[in-house]
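There are 2 protein chains.
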Amino acid sequence: MKLRADAHRILQAALAAVNPRGAIHRALSLEGQSLRIGNDTLSLDTVDRVLLLAAGKAAVGMSQAALDVLGSRVEKGMMVIPHTHDPPILPVETLKAGHPVPDEHGVRAASAALQLAKEAGERDLVLCLLSGGASALWTAPVEGVSLSDLQDVTGRLLRTGATIGDLNSVRKHLSRIAGGRLALAAAPARTVTLIISDVVGSPLDVIASGPTVPDHTTYAYALNILERHETTAPASVLSVLRAGAAGKLPETPKPGDPRLDSSKAHVIASMQDALDGAACEARRLGYTPLVLTGRVEGEAREVGRLTAGLAVGVRDDGQPLPAPAALLLGGETTVTVRGTGKGGRNQELALAAAVALEGQDGVLVASMGTDGVDGPTDAAGAVVDGLTVSRGRASGLTAREHLTSNDSYSFLQATEDLLLIGPTGTNVGDVVVVLAA
Amino acid sequence: MKLRADAHRILQAALAAVNPRGAIHRALSLEGQSLRIGNDTLSLDTVDRVLLLAAGKAAVGMSQAALDVLGSRVEKGMMVIPHTHDPPILPVETLKAGHPVPDEHGVRAASAALQLAKEAGERDLVLCLLSGGASALWTAPVEGVSLSDLQDVTGRLLRTGATIGDLNSVRKHLSRIAGGRLALAAAPARTVTLIISDVVGSPLDVIASGPTVPDHTTYAYALNILERHETTAPASVLSVLRAGAAGKLPETPKPGDPRLDSSKAHVIASMQDALDGAACEARRLGYTPLVLTGRVEGEAREVGRLTAGLAVGVRDDGQPLPAPAALLLGGETTVTVRGTGKGGRNQELALAAAVALEGQDGVLVASMGTDGVDGPTDAAGAVVDGLTVSRGRASGLTAREHLTSNDSYSFLQATEDLLLIGPTGTNVGDVVVVLAA
Chain A
14 MKLRADAHRI LQAALAAVNP RGAIHRALSL EGQSLRIGND TLSLDTVDRV LLLAAGKAAV
74 GMSQAALDVL GSRVEKGMMV IPHTHDPPIL PVETLKAGHP VPDEHGVRAA SAALQLAKEA
134 GERDLVLCLL SGGASALWTA PVEGVSLSDL QDVTGRLLRT GATIGDLNSV RKHLSRIAGG
194 RLALAAAPAR TVTLIISDVV GSPLDVIASG PTVPDHTTYA YALNILERHE TTAPASVLSV
254 LRAGAAGKLP ETPKPGDPRL DSSKAHVIAS MQDALDGAAC EARRLGYTPL VLTGRVEGEA
314 REVGRLTAGL AVGVRDDGQP LPAPAALLLG GETTVTVRGT GKGGRNQELA LAAAVALEGQ
374 DGVLVASMGT DGVDGPTDAA GAVVDGLTVS RGRASGLTAR EHLTSNDSYS FLQATEDLLL
434 IGPTGTNVGD VVVVLAA
Chain B
14 MKLRADAHRI LQAALAAVNP RGAIHRALSL EGQSLRIGND TLSLDTVDRV LLLAAGKAAV
74 GMSQAALDVL GSRVEKGMMV IPHTHDPPIL PVETLKAGHP VPDEHGVRAA SAALQLAKEA
134 GERDLVLCLL SGGASALWTA PVEGVSLSDL QDVTGRLLRT GATIGDLNSV RKHLSRIAGG
194 RLALAAAPAR TVTLIISDVV GSPLDVIASG PTVPDHTTYA YALNILERHE TTAPASVLSV
254 LRAGAAGKLP ETPKPGDPRL DSSKAHVIAS MQDALDGAAC EARRLGYTPL VLTGRVEGEA
314 REVGRLTAGL AVGVRDDGQP LPAPAALLLG GETTVTVRGT GKGGRNQELA LAAAVALEGQ
374 DGVLVASMGT DGVDGPTDAA GAVVDGLTVS RGRASGLTAR EHLTSNDSYS FLQATEDLLL
434 IGPTGTNVGD VVVVLAA
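Respectively, the protein sequence lines represent chains A and B. The working numbering numbers the first residue of the first sequence as 14 and each following residue consecutively. The working numbering numbers the first residue of the second sequence as 14 and each following residue consecutively.
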């Protein structure tokens, strides 16, 4: 009982550390006639207007907090959020667009953002608020490439297992907004970008396809990615990349490009903050915390088994450290769907851990999507222990069968192990908490 | 280059720590008229004869070292090893039997061992040397249960994912030698059992089905396991377990049973020793070592991806500790065979790690079976780094394709990343070394 209450507190602390409003308020404040942005300071005497451009799953919370700080100094703004989000009541224009698959709404949103950026003058500040999903929500295929061609090559690369870095290198060379081009459009206006990162390691030029930062990659590199993954691409895509590689199209701005001197980007919340927040709360509750990694990938059920082994290893072997301990992992797993059940990657991870923990005392595994939405369910994840499987059996449910049919939701609903917190309006990936007492 | 040489040294240190001859020599020595066994001492004045009974994959090395120590005090002995092992030249009778699937040879070997135990008198010492595989090599189905019925129920339980503890609970209640019955046969002679453990956590009553130690489980529990896993079993098996549960057959000896007072068991080598040995050598080479867990389970390729993430996390995030560091993991993964290629679980783990590490500097993943034999290959595993995938490409091989077809061996052979050390004559599971500099 104690473990379970502690797990909930630790997860809440992880969420609090990446709350978009909190992150903006920590990063951005007015101090007299100066605007503090992270460790930088900008004199507002030099700024006529602030233009706000927000895109992504955390756009609402980030915009709200930026408006808390800047108030009427924001003269104009626009925000693009997924179709599934509720539009907020904010004094900035709100557009909705397709995510994760981009649509024509996203093309219109990107054009509007570029238009607003171009309007900015030398004494204007473009405040860009980015979070996960912005790549799809701002879609601006270059001339000659259709939206469906862009979707086609994106889909193919995803299926070959390309990294997000490689995928976004290709996207950046097919886009009018990504790869620093939004900041080029805004220049000579200054651009400040605040980012909630959902990419491991938070590389600025990969998150949201880096619309305001220099691009390390080239047309030639993007072409090479397609070859390396043996990906066939639409003729229009190959034609653009080949023309670019032959020097017939302007490259994305590279590091050191003076046109981006007036653009600064800051990551204001990431998985590392969530893990640090969780570790801090775990320590307060009497557990020795250890952040194992922020780079978990792979099949959810396999990660679940491993975390169960880690829990027992802490309790019985004192490895990697003696109990009471909290091991913290971040990342994003995947689910290979084989059954027809209902669930999400965090619930499936938890159910697999529960199967491996059956009958064990003093151990717990919790897995949570920091966006509060795990798969097509109303749960964010689940908290399981050594009694989860037998609680299910008492309700006539067999954990292994539910795992086989990817039906984690109904099992964990019956055992009352679901984590029901509702959408959080942020996303830095998934957090897994392993407790052993 | 340095990382690679260091990985080989660390793996060698892991092997040295679980070498069966070294383990026996550390655990067993003559001191005057006393025999030191671990922390116990036995006066040889009270011992007329030593009878040696060895079974398992490490039986040869263990017997050899015990004979080094005891010489002609061993009056009689017998050893059972897998059909695939070369018989040694030792002054004890050597039998060969089926492993992992038991056969009639194993039934004869178990009968011979029981016969020798029964011959032991009050002033005799039965020295029992056990290692992985002994459950199958000593097969003694109870009256009324045929070898094929025993194979049948074992196979069914394995397919449902039963733990080794549950599987061996059933086996112990269908056996004339397991679950303490060998020590009962030897009583009133003293029995000393030295064990090289291949079971996580080294539970004495699970390793080799605990022929010389008390059994925590019952006929009723064994029956319940079949029900819990919804396993249909041959009628003969159900009939024995039901008769036992109804009190019509004698139970295995339980903890506290005075008939086992004269039987002592010692684990002399296990995964923990291999991990400790690896950690010690890693520290000597300048890496901060951390034993993450000795309880790795799951699909090899998924564990491989995770270890690659761990390596990069050490290098880039300083998690779970800053570079240079060596993360050490032990356990045993599984491979779901989907292709027709050649490989083993350690090679598949390594190839998956190589795919995830492509292009990364200063990181390495190595995976090794401590028995030196990974799958049906002549390799023990492999050592991979950020160049493995491109080395393969230079030979015209695609890492992802080889991974898909479970064909890790030919890829890692072409890249010269295989670990070729030959059979080690011991087995404590698999060791994974993750280095980041």
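We put the beta carbon where it would ideally sit given N, CA and C, even for glycine.
Any idea what DSSP makes of residue i, helix, strand or coil?
{"i": "L55 of chain B", "result": "strand"}
{"i": "G168 of chain A", "result": "helix"}
{"i": "V73 of chain A", "result": "helix"}
{"i": "T320 of chain A", "result": "helix"}
{"i": "A246 of chain B", "result": "coil"}
{"i": "P302 of chain B", "result": "strand"}
{"i": "V31 of chain A", "result": "coil"}
{"i": "I190 of chain A", "result": "coil"}
{"i": "S47 of chain B", "result": "strand"}
{"i": "E240 of chain B", "result": "helix"}
{"i": "H279 of chain A", "result": "strand"}
{"i": "R413 of chain B", "result": "helix"}
{"i": "G157 of chain A", "result": "coil"}
{"i": "A5 of chain A", "result": "Because chain A is modelled from 14 through 450, residue 5 of chain A falls outside the range shown and cannot be assessed."}
{"i": "K89 of chain B", "result": "strand"}
For a contact defined as C-beta to C-beta under 9 Å, what are the partners of residue i on chain B?
{"i": "V446 of chain A", "result": "Within chain B, no residue comes near V446 of chain A; the closest Cβ sits about 15 Å away, beyond 9 Å."}
{"i": "R413 of chain A", "result": "T173, G174 and H242"}
{"i": "V456 of chain A", "result": "Any answer about residue 456 of chain A is impossible in this case: the structure gives chain A only from 14 up to 450."}
{"i": "G388 of chain A", "result": "Residues of chain B passing the Cβ test: none, with the nearest at roughly 19 Å."}
What's the C-alpha gap between residue i and residue j?
{"i": "P115 of chain B", "j": "T173 of chain B", "result": "19 Å"}
{"i": "G442 of chain B", "j": "R194 of chain B", "result": "27 Å"}
{"i": "G223 of chain A", "j": "R169 of chain B", "result": "54 Å"}
{"i": "A256 of chain A", "j": "L262 of chain A", "result": "6 Å"}
{"i": "T306 of chain A", "j": "P333 of chain B", "result": "6 Å"}
{"i": "L129 of chain B", "j": "G299 of chain B", "result": "51 Å"}
{"i": "E264 of chain A", "j": "L187 of chain A", "result": "11 Å"}
{"i": "T206 of chain A", "j": "S276 of chain A", "result": "8 Å"}
{"i": "D211 of chain B", "j": "Q285 of chain B", "result": "10 Å"}
{"i": "Y234 of chain B", "j": "K15 of chain B", "result": "53 Å"}
{"i": "L55 of chain B", "j": "E156 of chain B", "result": "37 Å"}
{"i": "E106 of chain B", "j": "V93 of chain B", "result": "9 Å"}
{"i": "A20 of chain A", "j": "V446 of chain A", "result": "7 Å"}
Using the Cβ count rule (16 or more neighbours within 10 Å means buried), how would you classify residue i?
{"i": "H96 of chain A", "result": "exposed"}
{"i": "A248 of chain A", "result": "exposed"}
{"i": "G331 of chain B", "result": "exposed"}
{"i": "V325 of chain B", "result": "buried"}
{"i": "K355 of chain B", "result": "buried"}
{"i": "G438 of chain A", "result": "buried"}
{"i": "A200 of chain B", "result": "buried"}
{"i": "R189 of chain A", "result": "buried"}
{"i": "I102 of chain A", "result": "exposed"}
{"i": "T7 of chain B", "result": "The structure shown does not extend to residue 7 of chain B, since chain B is modelled only from 14 to 450, so the question has no answer here."}
{"i": "N52 of chain A", "result": "exposed"}
{"i": "D374 of chain A", "result": "exposed"}
{"i": "S380 of chain A", "result": "buried"}
{"i": "V158 of chain B", "result": "buried"}
List the residues of chain A that residue i touches, going by C-beta distances under 8 Å, in chain order.
{"i": "P333 of chain B", "result": "L303, V304, L305, T306 and P333"}
By the criterion of Cβ-Cβ separation under 8 Å, what are the contact partners of residue i in chain B?
{"i": "R358 of chain A", "result": "None at all; the shortest Cβ gap to chain B is about 13 Å."}
With a threshold of 7 Å between beta-carbons, can residue i be considered close to chain E, or not?
{"i": "D330 of chain B", "result": "Of the protein chains in the structure, A and B, none is chain E."}
Since I believe residue j is in contact with residue i (beta carbons under 8 Å), could you give me their beta-carbon distance rounded to a whole number of angstroms?
{"i": "R314 of chain A", "j": "L251 of chain A", "result": "Rounded, the Cβ-Cβ distance is 38 Å, inconsistent with contact."}
{"i": "A40 of chain B", "j": "L142 of chain B", "result": "That belief does not hold up - the Cβ atoms of A40 of chain B and L142 of chain B are roughly 10 Å apart, past 8 Å."}
{"i": "L83 of chain B", "j": "V63 of chain B", "result": "6 Å"}
{"i": "L9 of chain A", "j": "A122 of chain A", "result": "What the structure shows of chain A is the stretch from 14 to 450, and residue 9 of chain A is not part of that stretch, so it cannot be assessed."}
{"i": "A287 of chain B", "j": "T320 of chain B", "result": "Contact doesn't hold; Cβ gap of about 17 Å is too wide."}
Which residues in chain A have a C-beta closer than 7 Å to the C-beta of residue i? List them in chain order.
{"i": "V309 of chain B", "result": "L319 and G322"}
{"i": "G326 of chain B", "result": "T306, G307 and R308"}
Mind pulling the chain B residues with CB within less than 7 Å of residue i?
{"i": "G51 of chain A", "result": "None at all; the shortest Cβ gap to chain B is about 20 Å."}
{"i": "G214 of chain A", "result": "D329"}
Is residue i near the ligand FMN, going by C-beta to nearest heavy atom under 6 Å?
{"i": "G322 of chain A", "result": "You won't find the ligand FMN in this model; it holds no ligand whatsoever."}
Residue i touches chain A at which residues, Cβ-Cβ below 9 Å?
{"i": "G223 of chain B", "result": "None at all; the shortest Cβ gap to chain A is about 18 Å."}
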